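Visitor:
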Amino acid sequence: MLFQISERVLRVLKAITEPREAIKDVVKEPAHKSSVFRGKHNVRYDICTGCDACNKICPVDAIKMKPLPIKRPNKVPEVNLAICIFCGLCEDVCPTKPEKAIKLSGGDIEMITHDGTHDTLENFWVRVDVPEEWIE
Ligand code: SF4
Ligand code: SF4
Numbered sequence: 590m591l592f593q594i595s596e597r598v599l600r601v602l603k604a605i606t607e608p609r610e611a612i613k614d615v616v617k618e619p620a621h622k623s624s625v626f627r628g629k630h631n632v633r634y635d636i637c638t639g640c641d642a643c644n645k646i647c648p649v650d651a652i653k654m655k656p657l658p659i660k661r662p663n664k665v666p667e668v669n670l671a672i673c674i675f676c677g678l679c680e681d682v683c684p685t686k687p688e689k690a691i692k693l694s695g696g697d698i699e700m701i702t703h704d705g706t707h708d709t710l711e712n713f714w715v716r717v718d719v720p721e722e723w724i725e
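With this note's numbering applied, the sequence shown corresponds to residues 590 to 725, in that order.
1) Tell me where the alpha helix (DSSP H) around residue 722 begins and ends.
2) Using the C-alpha atoms, what's the distance from residue 635 back to residue 613?
3) How many Å lie between residue 637 and residue 600 at the Cα?
4) Could you pull the DSSP bridge partners for residue 693 from this structure?
5) Counting only beta-carbon separations shorter than 8 Å, does residue 625 have a partner in chain B?
6) Sorry if obvious, but does the Cβ on residue 677 come closer than 7 Å to a heavy atom of ligand 1?
7) Determine whether the beta carbon atoms of residue 715 and residue 629 lie at a separation below 8 Å.
8) Going by beta-carbon coordinates alone, are residue 652 and residue 665 separated by less than 8 Å?
9) CB-CB under 7 Å to residue 691, same chain, minus the five flanking residues each way: which ones, in chain order?
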């Protein structure tokens, strides 16, 4: 018993005192990539009809519709990834064919900003890249 305790104490002391390099730089390389990871969204304002279906079906209210001063689409979805649970319902329900106007990117796992920090919540939004003059 005493031997086991001293062995554990020694192990902890060794872990504290011996500097070790990180095995992986998670800023440059993701810690893991699941084969079923659905990734963040791609939104195409050019084919979106502004039907609001993605916004209505989202179970966690992660989508906000951005109003545009044009007739069609008069609004496009933007996604708050800090709230999103990546269920994919927004993509499933999107009616545009053959391409979905909102689509989870699958392979895109880059959720960290260029300098590895999340200094503002703005970093978690998937913004739609519509021309400036279209935005209300
Ligand atoms: S993936 Fe799910 S939780 Fe995320 S925005 Fe789409 S519907 Fe909402
Ligand atoms: S992304 Fe699809 S579901 Fe969402 S508003 Fe546009 S067309 Fe409708």
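Glycine included, C-beta positions come from ideal geometry on N, C-alpha and C. Just so we're clear, the structure is a prediction, and the values are computed from it rather than from any experiment.
Guide: Once the coordinates are examined:
1) Locating residue 722 in the sequence shown gives position 133, counting from the first residue. Looking at the DSSP string, residue 722 is not in any alpha helix (DSSP H), and its letter there is neither H nor E.
2) Translated into the one-based positions of the sequence shown, residue 613 becomes position 24. Translated into the one-based positions of the sequence shown, residue 635 becomes position 46. If you draw a straight line from the Cα of residue 613 to the Cα of residue 635, it comes to about 39 Å.
3) For this step, residue 637 is matched to residue 48 along the sequence shown. For this step, residue 600 is matched to residue 11 along the sequence shown. Taking the straight line joining both Cα atoms gives about 58 Å.
4) The sequence position of residue 693 within the sequence shown is 104, counting from 1. Bridge partners of residue 693: 630.
5) Given the protein chain composition of this structure (a single chain), no chain B is represented.
6) As a first step, residue 677 is located in the sequence shown; it is residue number 88 there, counting from the start. Indeed, a heavy atom of ligand 1 lies less than 7 Å from the Cβ.
7) Within the sequence shown, numbered from 1, the residue matching residue 715 stands at position 126. Within the sequence shown, numbered from 1, the residue matching residue 629 stands at position 40. Less than 8 Å separates the beta-carbon of residue 715 from that of residue 629.
8) For this step, residue 652 is matched to residue 63 along the sequence shown. For this step, residue 665 is matched to residue 76 along the sequence shown. In terms of Cβ geometry, residue 652 and residue 665 do not form a close pair [threshold 8 Å].
9) Here residue 691 corresponds to residue number 102 of the sequence shown, with the count starting at 1. Cβ neighbours of residue 691 beyond the five flanking positions: 630, 632, 643, 666, 679, 680, 683.
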